[in-house]
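So the structure is just underneath, and the comments pick up after that.
Numbering (the working numbering), first residue to last: 311 to 520.
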């Protein structure tokens, strides 16, 4: 929680701007998402926040504490709130599986152990914002978050194809032709999960299954 709090403070200073989306729409989306049933019946602690990010573009990002950031630019890509909810289910999958924290630990396990042992958590926290911004989830992490999102959508009477469509829109918005590329564009430095064709097709198969 401390690491995520410091990361959010850094992002608000250096990357994000206040959201320009209507407050009633932001509140409605956050409320509806809170009321969705988790796929296995176990709620996952989270908080949805909204920010404008003209330098980043359309994106969503989950911090290890469960705070999920949605950019105005992502909301501008959507045709309805269900599409935004589908992205939130994917991000909640990352929180549920602790992917963000795993990346931090796996990427700096020696430094993490030393700073923890010495009690100098501040030096570790100082490096977290940059680490999270540069992090890219593995394909296995992305598939796990997709699977969680698909199950959550189905548990609430929605199709996993919603998430597939949003992944494709996000890929195109960041210059990935047809969402087929695994390489993020230069200005996509917050896109820790590029929308690959494989993932999109897998989600659409789930959505069309009887």
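Virtual Cβ for every residue (Gly too), placed ideally from N, Cα, C.
(request) Return helix, strand or coil for residue 343, following the three-state DSSP convention. (result) Here residue 343 refers to the residue found at position 33 when the chain shown is read from its first residue. The answer is helix: DSSP assigns residue 343 an H, G or I state.
(message) Between which residues of its own chain and residue 363 is the CB-CB distance below 8 Å, once the five residues before and five after are set aside?
(response) Locating residue 363 in the chain shown gives position 53, where the first residue counts as 1. Sequence-distant partners of residue 363 (beyond 5 residues in either direction) whose C-beta falls short of 8 Å from its own C-beta, in its chain, are 325, 326, 327, 369, 381, 382, 383, 500.
(message) Given this structure, state the Cα-to-Cα distance separating residue 512 from residue 470, to the nearest angstrom.
(response) Translated into positions along the chain shown, residue 512 becomes position 202. Translated into positions along the chain shown, residue 470 becomes position 160. Taking the Cα positions, residue 512 is about 9 Å away from residue 470.
(message) What does the Cβ neighbour count give for residue 386, buried or exposed, with the cut at 16 atoms within 10 Å?
(response) As a working note, residue 386 is residue 76 in the chain shown. Looking at its Cβ environment, which holds fewer than 16 other Cβ atoms inside 10 Å, residue 386 is exposed.
(message) Alpha carbons only, please: which of 352, 354, 394, 318 is nearest the one belonging to residue 336?
(response) By 1-based counting over the chain shown, the position of residue 336 is 26. Residue 336 has its Cα closest to that of 394, out of 352, 354, 394, 318.
(message) So for residue 420, helix, strand or coil by DSSP?
(response) As a first step, residue 420 is located in the chain shown; it is residue number 110 there, counting from the start. Residue placement at residue 420 cannot be trusted, given a pLDDT of 46 that sits under 50; the coordinates are not used to answer.
(message) If we define contact as Cβ-Cβ less than 8 Å, is residue 327 a contact residue for chain C?
(response) You won't find chain C in this structure, because it holds only one protein chain.
(message) Check this for me: beta carbons of residue 400 and residue 455, under 8 Å apart or not?
(response) The residue you call residue 400 lines up with position 90 of the chain shown. The residue you call residue 455 lines up with position 145 of the chain shown. Result yes, Cβ atoms of residue 400 and residue 455 sit closer than 8 Å.
(request) Flag this pair as yes or no: are the beta carbons of residue 373 and residue 403 separated by less than 8 Å? (result) In the chain shown, the residue the question calls residue 373 occupies position 63. In the chain shown, the residue the question calls residue 403 occupies position 93. Their beta carbons are not under 8 Å apart, which means residue 373 does not touch residue 403 by this criterion.
(request) To the nearest angstrom, report how far apart residue 462 and residue 341 are at their CA atoms. (result) Reading the chain shown from its first residue, position 152 is the one you call residue 462. Reading the chain shown from its first residue, position 31 is the one you call residue 341. Roughly 16 Å between the two C-alpha positions.
(message) Mapping the DSSP letters down to three states, classify residue 363 as helix, strand or coil.
(response) Counted from its first residue, the chain shown places residue 363 at position 53. Residue 363 sits in coil when the DSSP states are folded into three classes, being neither helix nor strand.
(message) Suppose you measure from the CA of residue 323 to the CA of residue 358; what does that come to, to the nearest Å?
(response) In the chain shown, counting from the first residue as 1, residue 323 sits at position 13. In the chain shown, counting from the first residue as 1, residue 358 sits at position 48. Those two C-alpha atoms are separated by around 19 Å.
(message) Between which residues of its own chain and residue 375 is the CB-CB distance below 6 Å, once the five residues before and five after are set aside?
(response) In the chain shown, counting from the first residue as 1, residue 375 sits at position 65. Within the same chain, residue 375 has close Cβ partners 311, 314.
(message) If you reduce the DSSP assignment to three classes, tell me which class residue 388 lands in.
(response) Within the chain shown, residue 388 is the residue found at index 78, counting from 1. Residue 388 falls in the coil class under three-state DSSP.
(message) Could you check whether residue 516 and residue 465 sit closer than 8 Å to each other, using their CB atoms as the reference points?
(response) As a working note, residue 465 is residue 155 in the chain shown. As a working note, residue 516 is residue 206 in the chain shown. Using a Cβ distance threshold of 8 Å, residue 465 and residue 516 do not count as a contacting pair.
(message) If the criterion is Cβ atoms closer than 8 Å, does the pair residue 447 and residue 398 meet it?
(response) By 1-based counting over the chain shown, the position of residue 447 is 137. By 1-based counting over the chain shown, the position of residue 398 is 88. Taking 8 Å as the cut-off, the Cβ atoms of residue 447 and residue 398 do not count as close.
(request) Find out if the Cβ-Cβ distance for the pair residue 474, residue 514 is shorter than 8 Å. (result) Along the chain shown, read from residue 1 onward, the residue named residue 474 stands at position 164. Along the chain shown, read from residue 1 onward, the residue named residue 514 stands at position 204. Taking a C-beta distance under 8 Å as the contact criterion, residue 474 and residue 514 qualify as a contact pair.
(request) Spatial neighbours of residue 408 within its chain, please: CB distance less than 6 Å, with the 5 preceding and 5 following residues excluded, ordered by chain position. (result) Locating residue 408 in the chain shown gives position 98, where the first residue counts as 1. Within the same chain, residue 408 has no close Cβ partners at all.
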